[in-house]
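**Q**
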Amino acid sequence: MYVGQQDGAIKVLTINRTSANNYTVTGSETITLVKEIPNHSDDGSLLIQNSSKRLLTGIAVAGTAENPVLYATSSDFRIGGASNGDLDLCTNSGVLSKLTKVGNKWTKTDLVRGLPKSEETHSCNGLYLFEGNGKKTMLIAVGGQTNAGSPSNVFAYLCEYALSAAVLSVDLNVVENLPDKQDPTGKHPYKYDMPTLDDPTRPNNPDGSDQNDPWGGNDGLNQAKIVTGGPVQVFASGFRNPYDVLILKHPSKAGKIFTIDNGPNKNWGGTPINGDDGKSSNKYSSSEPGSQDVGNFDGLELIGDMDDYIPGSFYGGHPNPIRANPESAGLYTDSPSGKGWRYDKNSATLPLPQDWPPVPVADPKQSEYKKAGTAADKSLLYFKNSTNGICEYRYSGNPLYGDILAAGFDGNLYRIKLNETGDAVLNNKDANRLNLDNPLGSALEGKALDVTSQGDGEAFEGTIWVAVYSANLIKVFEPATIICSNTSPTADDDNDGYSNQEENDNQTDPCNPADSPPDNDKDMISDKWDIDDDNDGIPDNKDFFPLDNQNGLQNNIPKIFNLTNADPGTGFFGVGLTGLMSNGTSDYQDLYNNDNIIAGGAIGAITVEEVPDGDAYQTNNNQQYAFQVGINTNKNTGVFTVKTGILPNYFSSTTPQNYQSHGMFIGTGDQDNYIKLSLNANGGAGGIELMTETDGVTTSIQNPLPGDIPKTNIVFYLTIDPETGTIYPKYKIEEAMYSFDPIQATGKVATTIQNEETALAVGLIATSRGSGSRFSATWDYIEVTPGSITSINFWHNGAKSKNINLYPNPSNDFVNMNINEETSQKYTLKIFNSLCQLIDESQVEYVPGNDDHKIKVENFPNGIYYIQVITEGQEQSATVKFIKSN
């Protein structure tokens, strides 16, 4: 068995079946040739990195066991987008490689270099090798670079390229017979480089190509071109992120071509301007129109039949303005070479390449976005969750023969039943073609990413093998015959350990041992029936962390939750969150709806697609979707900072109303004791609210925004001094830092921060209370890291940044304050004691070159103090700490 790893390594496993349903790896080998392909920046320059790593997302196996041949797709390993922004990763980093084994040695040749890679994880994905009629063709599923066709903040403002968002075909009869060439290292022979545009920002080689080609897409200025008659072509278009591609071999269905496309996410980006009239544009609109109206289903697409399919004729509904309207779509760039929409080759400021466009012929149908679940979209079947790897079940001794198997990120393995000719789906489905059939397999312990099966005469014939991404394991399913009546509630007809009644209550199949209910603690009582899902002795309705039997005490600082797929692979959706803000009566499973959440995704984020009106405020205590995790803190932990990023479009680009808010919190874990920092409605103008609730009693402080509701990321900070219980709320908008006066944690929140027996709840929170309307809310990460408030580094003041330092610290009679000002600036200094009581206030002016400001503290009692530094007229502040000690 050959298994590709995300970091570029390929494992070769020798497997032995020791008994029924029991398989053992008896030997292994690791191939690192793909992993060692050099990475580059988006200007084409070589990336200097400490260790080899590539994002490997597809492999295909050919040849024989004695003389195997592997094909693999890989690209730049980095993941940008959202608050990670533009990492300058190489957007031309996609490579198709061929690996062969002679004797005991593997060798690699890169067949095609310069294919597209998005700013996040969408890249060159699954492969299918088709050989027939004298042709040898490799199909490659290539992900898109936008959410729904238009540049967006979440996708780092990248446009679709000429070869992105498509299934590509590579003519291996041509490419494999080209002469070998050598890369500059002499270690990576290759066959064919994709021709690229003549980037106006890069010098040319003597042959007219750009230096460092094919590397460095440079936000599209150096993207690969579609060449008429070339060996790489668009086979089918209109896919946001197809992970796999499949051609059936069943005698009555042979030649049918399928893929499943991952649909767009609300709030992650909109549709192109002028998309409905065939004249779509890459011009960026900051309101990202269409972002709230996309259809987040994953659709099974029947591309056609290899016998009569016309390459390029299929369009799946995800727009690509460059292919639709090559002459006028233009290009949006957000890079050091210039930010804005480029539409003129002769522009003095933002020129297009002189050989623009990269597409020879317009295909206007690729302008229009086709929403999943509507009549306009032709998918045969939809899935609610991300559904990726697909294969044909090829063992004729089982009723599954000729059907498609699909791996779901929801931990399920799905069966797609086809009719005899393979052009229709027989699954039960609703009016929108959403799959209603039970999974073939469930409770796979993580996110199922890929699947393969063994056909007649092959080793372990009839078995199904599933790669579970977040759990780092391979699951094996063997065919079985089950005698099942499902008539006795107490019986267990499929012998999976759960009674028929329990399975019926969970809507799993009591006649299928591979389809079992979720059971977090593996005690053979399903989560739906179990009143204590983590076996910690605390009932679920009172457990602040019902998926964590240590209740957060194992989570020492620093702790970072990137909200990416399979990181760390535990908790809700595998992103590490283990509870929801509890009201003490509702089971945690009633505080969220899985179908209303997008978790992980291409960028690493959590989106609640429709934030309901539940709120923890005072006696309401009906807050939903407030996911949280426990962090081990106590009085001696030292200063630490809780940091959370949220992403636009805030309030779904509408005017916020009443008590709508979107932010973060810390607290005990219940809905009566917490501190919340959020972007809120503030009468429709938007603002930043700091709310404290203690035993159901709230206090609120409202700050206005520095301008309109932002179109970019907002970062919230709560810096906590557990020794004193003092909290310093801050937030960052447009790279400028703002803060509230420090506050004092009291009551149960203070106890939780300082008590070593309870973990501090840290989480995400949003509400639509009182508005009568819902909005999409997206969070990008949670970080809990050691912090220092004895000095502030890189405190932002508009476009500048500065450091603030206090010395000596501790001090007996005075402290000096240093601010590295370049121009004269006036400040207000407020001094607070450890109870956050204001004890002194003064105005000072800093003049470059003058001595540091001296603050007398000789009359202060011994203890801890905080100085808040406020910039005159700019509503920006920072807080530093000092100790008075004789």
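Under our numbering, the first residue of the sequence shown carries the number 2, and numbering increases by one thereafter. Here a beta-carbon is modelled for each residue, glycine too, at the ideal position from N, C-alpha and C.
#1: DSSP puts V70 in a beta bridge; with which residues?
#2: With DSSP collapsed to three states, give me the class of T229.
#3: I'd like to know if the region 62-77 and the region 243-257 are in contact, where contact means that at least 3 CB-CB pairs between them fall below 8 Å.
#4: When DSSP labels each residue in this structure, what does S802 get in the three-state scheme?
#5: Can we say the region 192-200 touches the region 370-378, given the rule of at least three CB pairs closer than 8 Å?
#6: Could you check whether the Cβ of N433 sits closer than 7 Å to any heavy atom belonging to the ligand COA?
#7: Give the list of continuous alpha helix (DSSP H) stretches no shorter than 4 residues that lie fully inside the region 277-328.
#8: Give a yes or no on whether the C-beta atoms belonging to Y72 and L34 are separated by under 8 Å.
#9: Any idea if F795 is buried or exposed, counting beta-carbon neighbours within 10 angstroms, 16 or more meaning buried?
#10: Could you tell me which whole beta strand (DSSP E) segments of length 3 or greater appear in the region 168-196?
#11: At which residues does the beta strand (DSSP E) containing I749 begin and terminate?
#12: Among K385, M525 and L578, whose alpha-carbon lies nearest the alpha-carbon of Y782?
#13: Please classify K927 as buried or exposed, where buried requires at least 16 other C-beta atoms within 10 Å of its C-beta.
#14: Count the CB pairs spanning the region 488-499 and the region 156-175 that are closer than 8 Å, and state whether there are at least three.
#15: Should N206 be labelled buried (16 or more other beta-carbon atoms within 10 Å of its own) or exposed?
#16: For P265, count neighbouring C-beta atoms within 10 Å of its own C-beta (all shown protein chains included) and say buried if the count is 16 or more, exposed if not.
#17: A800 to G771, Cα distance in whole Å?
#18: Kindly confirm or deny that the region 210-222 and the region 323-340 touch, where touching means at least three C-beta pairs closer than 8 Å.
#19: Given a threshold of 16 other Cβ atoms within 10 Å of its Cβ, counted over all protein chains shown, does W584 qualify as buried or as exposed?
#20: Give the straight-line distance between the Cα atoms of G668 and T753, rounded to the nearest whole angstrom.
#21: Going by CA-CA distance only, name the one from L435, L303 and N174 that's closest to K136.
#22: Applying the 10 Å Cβ sphere with the 16-neighbour rule, what's the burial state of A850?
#23: Pull up the DSSP beta-bridge partners for P352, would you.
#24: So, at 6 Å on beta carbons, what are the nonlocal neighbours of E462 in its own chain, with the 5 sequence-adjacent residues on each side left out?
#25: If you count every other CB in all the chains shown that lies within 10 Å of the CB of S328, and 16 or more means buried, which is it?
#26: Leaving out five residues on either side along the sequence, give the residues of the same chain with a beta carbon under 7 Å from the beta carbon of K30.
#27: Are the region 549-564 and the region 773-787 touching, with three or more C-beta to C-beta distances below 8 Å?
#28: What's the call for D596, buried or exposed, on a 16-neighbour Cβ count within 10 Å?
#29: Give the straight-line distance between the Cα atoms of T27 and F410, rounded to the nearest whole angstrom.
#30: What residues in its chain sit with their C-beta under 7 Å from that of G687, if we drop five residues either side in the sequence?
#31: Measuring alpha carbon to alpha carbon, tell me which residue in L247, T272 and I60 is nearest T260.
#32: Given this structure, state the Cα-to-Cα distance separating A66 from L100, to the nearest angstrom.
#33: Between N659 and G279, what straight-line distance do the alpha-carbon atoms span, to the nearest angstrom?
#34: Have a look at the DSSP bridge pairing and note the partners of F815.
#35: From N810 to T829, what does the alpha carbon distance come to, in whole angstroms?
#36: Under three-state DSSP, which class holds N505?
**A** So, to answer that:
#1: Bridge partners of V70: A63 and T101.
#2: DSSP, read as helix, strand or coil, puts T229 in coil.
#3: No, the region 62-77 does not touch the region 243-257.
#4: Its pLDDT being 43, under 50, S802 is placed unreliably in this model, and the coordinates cannot settle the point.
#5: Because the criterion of three Cβ pairs below 8 Å is not met, the region 192-200 and the region 370-378 do not touch.
#6: Within the structure as shown, the ligand COA is missing, as the structure has no ligands at all.
#7: The qualifying runs are 322-325.
#8: Contact flag unset, no.
#9: The pLDDT assigned to F795 is 41, lower than 50, so where the model puts this residue is not dependable; a value taken from the coordinates is nonetheless given after this. With a 10 Å radius around the Cβ and a threshold of 16 neighbouring Cβ atoms, F795 comes out exposed.
#10: For the region 168-196, whole beta strand (DSSP E) runs of length 3 or above, ordered along the chain, are 191-194.
#11: Residue identity check: residue 749 is Lys in the sequence provided, not Ile. Boundaries around K749 are those of the alpha helix (DSSP H), G748 to Q755, since no beta strand (DSSP E) includes it.
#12: When K385, M525 and L578 are compared, the shortest CA-CA separation from Y782 is found for L578.
#13: Past the edges of the chain, shown from 2 to 887, lies residue 927, and the structure says nothing about it.
#14: Segment contact: the region 488-499 against the region 156-175, fewer than three CB-CB distances shorter than 8 Å; contact not assigned.
#15: Label assigned to N206: exposed.
#16: Classification for P265: buried.
#17: Here A800 scores only 37 on pLDDT, less than 50, and its place in the model is too uncertain to base an answer on.
#18: Counting Cβ pairs under 8 Å, three or more are found: they touch.
#19: A small correction: the amino acid at residue 584 is Asn; Trp does not occupy that position in the sequence shown. It counts as buried.
#20: Approximately 7 Å, taken between the alpha carbons.
#21: Answer by Cα proximity: N174.
#22: This sequence places Gly at residue 850; Ala is not what is there. With a threshold of 16 other beta carbon atoms within 10 Å, G850 falls short and is exposed.
#23: According to DSSP, which records beta bridges pairwise, P352 is partnered with D345.
#24: Result list for E462: Y396 and Q455, in chain order.
#25: Residue identity check: residue 328 is Glu in the sequence provided, not Ser. Classification of E328: exposed, given that the 10 Å Cβ count is below 16.
#26: Per the sequence shown, the amino acid found at residue 30 is Glu instead of Lys. Answer for E30: V13, listed in chain order.
#27: The region 549-564 vs the region 773-787: in contact.
#28: Around the beta carbon of D596, a 10 Å sphere encloses fewer than 16 other beta carbons of the protein chains shown; the residue is thus reported as exposed.
#29: Roughly 29 Å between the two C-alpha positions.
#30: The residues are P657, L680, L706 and I710.
#31: Measuring from the Cα of T260, the nearest candidate turns out to be L247.
#32: C-alpha separation (whole angstroms): 14 Å.
#33: Between the alpha carbons of N659 and G279 lies a gap of roughly 40 Å.
#34: Answer is K857.
#35: In a straight line, the C-alpha of N810 is about 21 Å away from that of T829.
#36: Per DSSP, reduced to three states, the secondary structure at N505 is helical.
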